[in-house]
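Student: One point on numbering: in this note's numbering, the residue at position 130 of the sequence shown is 144, and numbering is uninterrupted.
Sharing a structure below in structure tokens format, with a few things to ask.
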Amino acid sequence: MKIAVIAAQGDVEEHVVAANKALRKLGIEGKAFATIDKEEVAESDAIILPGGESTTISKLIHKSSVAEEIKKAAREGKPVMGTCAGSILLAKHGDEEVRKTKTKLLELMDIWVKRNAFGRQRESFQIRLDIKGIGEFEAVFIRAPAILKVSSNVDVLAKLDDYVVACQQDNILALSFHPELTDDTRIHEYFIKMAK
Ligand code: GLN
């Protein structure tokens, strides 16, 4: 199995390490690798869109036309996971900040996102979440977005306060936090199993 971690900007390498570890744990032959090459993305079986700055990542994936490949893969049913800034890019609906910055979204999920939703007091924090299908998970939030609203075709996997922070729409997974920044690979394992 080939897992493409989109290497535009942000915590790319951490996702590569976590996904490779998850593959080994599951005993699945394959490899996760960093790429922004259209062909490599097209040939992959699953795609991870890391966190970073959604404005910058958006510009880079559109400039390299890799955005089109991600959309195509998602439409073909390949698993796509967006974490933090990556989750913003998966959304069909952005908030005022997304609009103000003219961030082009991939529009793959029927969700409404809010950038930097947790404010200054809670800019970065770690908290235990109860995630559907996974269980208790120590989640790292860094200037995280929140999902304000989801359509009925979207499965809510975890909430924090009144916000949705993990959800799934068929083969697409959006997380407000950073599963690649802890040693716990269960989310990456869950994602990999979506490809099977
Ligand atoms: N605040 C960033 C953004 O809105 C996301 C932060 C992150 O990915 N850690 O793009």
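All C-beta atoms in this analysis are idealised placements derived from N, C-alpha and C, irrespective of residue type, glycine included.
Can you grab the Cα-Cα spacing for the pair residue 72 / residue 117, in whole Å?
Tutor: Near 6 Å, if we compare the C-alpha coordinates of residue 117 and residue 72.
Student: On a Cα-Cα basis, can you pick out the residue from 193, 176, 37, 171 that is closest to residue 184?
Tutor: Cα-wise, what sits closest to residue 184 is 171.
Student: Under 8 Å by Cβ, that's how I've got residue 25 and residue 65 pegged, so tell me the actual separation to the nearest angstrom.
Tutor: 6 Å between Cβ atoms; contact.
Student: Looking at residue 108 and the ligand GLN, is the gap between the Cβ and the nearest heavy atom below 7 Å?
Tutor: It does not: the Cβ of residue 108 is nowhere closer than 7 Å to a heavy atom of the ligand GLN.
Student: Could you check the C-alpha separation between residue 74 and residue 115 for me, to the nearest Å?
Tutor: Straight-line Cα distance between these residues: approximately 15 Å.
Student: Measure from the alpha carbon of residue 94 to the alpha carbon of each residue in 121, 132, 78, then state which is nearest.
Tutor: Considering only alpha carbons, the answer is 121.
Student: Do you know how far the Cα of residue 164 is from the Cα of residue 175?
Tutor: Cα-Cα distance, rounded: 15 Å.
Student: Taking residue 187 as the reference, which of 177, 194, 173, 168 has the closest Cα?
Tutor: Minimum Cα distance to residue 187 is reached at 168.
Student: Of the residues 21, 91, 52, which one's Cα is nearest the Cα of residue 62?
Tutor: Out of 21, 91, 52, 21 has the C-alpha closest to the C-alpha of residue 62.
Student: Going by DSSP, what residues sit across from residue 183 in a beta bridge?
Tutor: Answer by DSSP bridge pairing, in chain order: 186.
Student: Can you tell me whether residue 138 is helix, strand or coil according to DSSP?
Tutor: Three-state DSSP puts residue 138 in a strand.
Student: Measuring straight from C-alpha to C-alpha, what distance separates residue 103 and residue 88?
Tutor: Roughly 13 Å separates the two Cα atoms.
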